[in-house]
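Sequence positions in the sequence shown follow my numbering and run 500 to 1045. Virtual Cβ for every residue (Gly too), placed ideally from N, Cα, C. Just so you know, these numbers come straight off a predicted model, no measurement behind them.
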Amino acid sequence: MIAPMQLFLSHISIGTLWVLLLFFAGIYKAEAAPSSVDFVISMNEAVAVSGCPTTCPRITVDVGGLTHYASYSSGSGTNSLTFSYAPNVGDLDLDGVTLTSPIDLNGGSITDLNGNPISDLTFSVPDTSGIKVNYPSLSLDFLTNRYTHMGTAYTDLSSFFTPTSGIFTRNTVGTYFGQSGTLLTAPVDTPRFEYDPVTLQAKGLLIEETRTNKLFESTHFGSGNWTRSNTGVSLDVIAAPSGSMTADKLFILSGSSPSFILQDRSITSGITYTQSFFAKSAELSYAQIGASTGFDSVNTWVTFNLSTGTVSNQGSGGSYGIMDIGNGWYRIYLTATATSSSGAGRFYLAPSATNINRNPVQTGDNVSGIYIWGAQLEEGAFPTSFIPTFGSAQSRGSDNLTIPAGAWFNPAEGTLFARALNGQDIAVAGLAALTTDSANRVSLIRVSSLGIEHQVRDGDVTQALKTLNGSGNFSTNLACIAYEANNIIGSVNGLRTSLDNSATIPAIDKLVIGHWAGNGYLNGHVKNIAYYPQRAADSQVQLLTQ
500 MIAPMQLFLS
510 HISIGTLWVL
520 LLFFAGIYKA
530 EAAPSSVDFV
540 ISMNEAVAVS
550 GCPTTCPRIT
560 VDVGGLTHYA
570 SYSSGSGTNS
580 LTFSYAPNVG
590 DLDLDGVTLT
600 SPIDLNGGSI
610 TDLNGNPISD
620 LTFSVPDTSG
630 IKVNYPSLSL
640 DFLTNRYTHM
650 GTAYTDLSSF
660 FTPTSGIFTR
670 NTVGTYFGQS
680 GTLLTAPVDT
690 PRFEYDPVTL
700 QAKGLLIEET
710 RTNKLFESTH
720 FGSGNWTRSN
730 TGVSLDVIAA
740 PSGSMTADKL
750 FILSGSSPSF
760 ILQDRSITSG
770 ITYTQSFFAK
780 SAELSYAQIG
790 ASTGFDSVNT
800 WVTFNLSTGT
810 VSNQGSGGSY
820 GIMDIGNGWY
830 RIYLTATATS
840 SSGAGRFYLA
850 PSATNINRNP
860 VQTGDNVSGI
870 YIWGAQLEEG
880 AFPTSFIPTF
890 GSAQSRGSDN
900 LTIPAGAWFN
910 PAEGTLFARA
920 LNGQDIAVAG
930 LAALTTDSAN
940 RVSLIRVSSL
950 GIEHQVRDGD
960 VTQALKTLNG
970 SGNFSTNLAC
980 IAYEANNIIG
990 SVNGLRTSLD
1000 NSATIPAIDK
1010 LVIGHWAGNG
1020 YLNGHVKNIA
1030 YYPQRAADSQ
1040 VQLLTQ
C-alpha cells in the first residue's frame, strides 16, 4: 500500500512571476477517484483572467508521456491564480509529472486590472517529481481487501462484483490458513485470502487447480482404513492445525518389528504422486514417509526431524520438503513417480526416536510417539491445500475469478499488471489474462521455475511473446504487459523486454485471475491486479514492476 498522502507547499521563483505549487506528495492511488492537483501561480500584481469555460488558460502537464492540462480554476482579480489537473482514469506516472512553460492562454487572456496583457508568461519549470499518479480503471488488492472500479473504492470483493459483474467460483469447500494462523474451511464459491501461519502476514488470494485426496479418513488414524504395524494410536489428544482437538498420537508398541501406518491406493504408471502429513514431535522427534509397491521401494522414502524442522535422511527415489506451519507443527511431503500400475501403491508413515533409514525394525514403550493429522495423497508434483476425507476420496475444485469486460476495458489498447506469490508449480501457470479463450488472449504466465512470459495470441496465432527471468518458488513476481497494435512491451521485477512491433490485438471479453482461459492454474497467491485502459509508456511499465 502507498503511504498516506501528505500536503506540502513549494515556492519557486519564475522571474516576473512566482509559482506556488500546492500538491499531495506520494502516488495518487485509485482507492477512490483522486482529487485534482492544484498549481498556484503568484503574480507580482493582481490580474484578470478571461475565456473560461471554453478557452481557459492552462499549463501543459506531461503524465507518463501523455499530454494533459492543468486548467485555470480560480483567482481572477487577485495576484494568485490556481490551475487544476484532474487525473484521468488510466493515468500512470510513477516518476512524477512534469510541467511545460509558458502558461498556454488557449484562446483566453491574462491581463492586469487595467486590461493590459501580461506579456511574459514563461517560468522556470519546478521540481514536480513528487506528484506521482497511479489511476487504473480496475484494481484488486487482495492483501488489504481494497478494490476499485472507475475511481470508486470498495472494501470487500462481493461489493466490487456488483458494478463489475465479477464472479468467483469453486464448486467445493477449500481449506486455507486464516489471519490467526489457524487452518480454516471456506464454503463453496468463497475466495480464500490466506496468511502465513507463522508470520501471520497476508499472502493474497489463493488460486489452486482441482485436486483429489485419495487417502481415506485423513484425520482418523484409528479407523479401519489405516493398516498399523507395531504402532498404536491415541485419538484426538491435542489441537490440530485447524484448532480442533482432532490430532492423534502415533506411538511405537513394545514389539520388535517395523513400525508404521499405511494405506494402499490404486496408481497409474508414469503418474507423479505427492503424499503429505501434518506432524509434530512428542516424545519422539522423527517421522518417515515413503512409498513401496508400484514405486522404487528401496529409495522412495524420507526422514524428517520434527524438532528442528529439517530433512535428516532420505532415499533417492523422489523429492520432498518440510513446511513450518507454527505451534510446532510441520507439513511433511514426498513426491515420486509410479513405476508400475500392477496392484495398489503403498503409502506409509513411520514414527521414530532416531534418524532412521528406510523403515527398520523398532522397539517402543507403548507410549512414546509423534502427533499426526491431515494425511493426503494427490496426483501432482507438489502438495496443495489440505482436503479432508472420511470414508472415500474427496476432491477440491479449482478457484476461478472472472471479471467481464465492461466500462473499465479498452478493446484497442491497455496495460495489465499482476503481482503474485509463486507456489511450487513450475509448469505453465497463469498470473492473469485478458481473454476470450486460450486462442485469443493477452496473458502473463509463469512458464518455468524462473521464467515469466507475456504473450498476445489472436486466432490461436502468437502475435507477441517475450520471457524474462523472475523469482522462483515461494517468491513474489511483479509482471506487466502494455499493448496496442504493433506496439507491445513487458516488464518483470524492474527488467523490461524488447519491443514487439508487429502484432494484432485479439477480441477480449473478460479478465481471468490466477490462470489463463481455464488452463495453467497458479497454485499460488495473487496479491494485486491492475488494468489501465491505455498503453503505458515503456518507462512506466518498467517502474510499475519495481
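Here the segment 637-646 lies against the segment 1018-1038, with 3 or more beta-carbon pairs under 8 Å apart.
In this structure, Ala932 lies near Ala1016, with their beta-carbon atoms less than 8 Å apart. Three or more Cβ pairs closer than 8 Å define a contact, and the segment 836-847 meets that threshold against the segment 750-767. Rounded to the nearest whole angstrom, the CA to CA distance from Gly589 to Phe676 is 35 Å.
Assigned with DSSP and collapsed to three states, Pro662 falls in helix. Leaving aside the five residues that flank Leu1043 on each side, the residues in its chain whose CB is nearer than 6 Å to its CB run, in chain order, Phe916 and Cys979. With a beta-carbon spacing of about 6 Å, Gly1013 and Gly929 fall inside the 8 Å limit used to define contacts. Note: Ile760 is bridge-paired with Arg727 and Leu848 in the DSSP secondary-structure output.
The three-state secondary structure of Gln1041, taken from DSSP, is helix. The C-beta distance from Tyr646 to Phe667 rounds to 12 Å, too long to fall under 8 Å, and the pair is not in contact.
Of all alpha-carbon atoms in Ala938, Tyr1020, Trp725 and Ile1007, the one lying nearest the alpha-carbon of Gly896 is that of Tyr1020. Per DSSP, the unbroken beta strand (DSSP E) holding Pro601 starts and ends at Thr597 to Asp603.
With contacts defined by Cβ atoms closer than 8 Å, Ile760 and Leu900 do not form a contacting pair.
In the DSSP assignment, Val562 is bridged to Leu565. Residue range Ser608 to Asp611 is occupied by the beta strand (DSSP E) that includes Ser608. Per DSSP, the continuous beta strand (DSSP E) segment holding Cys979 begins and ends at Thr975 to Glu983. Selection Thr961, Phe973, Arg945 and Asp747 evaluated against Leu967 yields Arg945 as nearest (Cα-Cα). Under DSSP, Trp907 forms no beta bridge with any residue.
Gly825 is the residue among Gly576, Ser791, Gly958 and Gly825 whose C-alpha sits nearest the C-alpha of Gly742. Straight-line spacing of the CA atoms in Pro887 and Asn865 works out to 28 Å. Leu656 sits in a helix when the DSSP states are folded into three classes. For the pair Ala835 and Gly816, the CB atoms are nearer than the 8 Å cut-off.
Straight across, the Cα-Cα distance linking Ser717 with Ser884 is about 13 Å. Between the alpha carbons of Met542 and Pro616 lies a distance of about 13 Å. In this structure, the beta-carbon distance from Val546 to Leu598 does not fall below 8 Å. When DSSP assignments are scanned along the segment 780-841, no uninterrupted stretch of alpha helix (DSSP H) that is 4 or more residues long falls wholly within it. Nearest to Asp999 by C-alpha distance, out of Leu620, Leu964, Asp735 and Ser572, is Leu964. In the displayed model, Pro740 falls within coil according to three-state DSSP, outside both helix and strand. A distance of 8 Å or more separates the beta carbons of Lys1009 and Ile869.
In the structure shown, Ser765 adopts extended strand secondary structure according to DSSP, grouped into three states.
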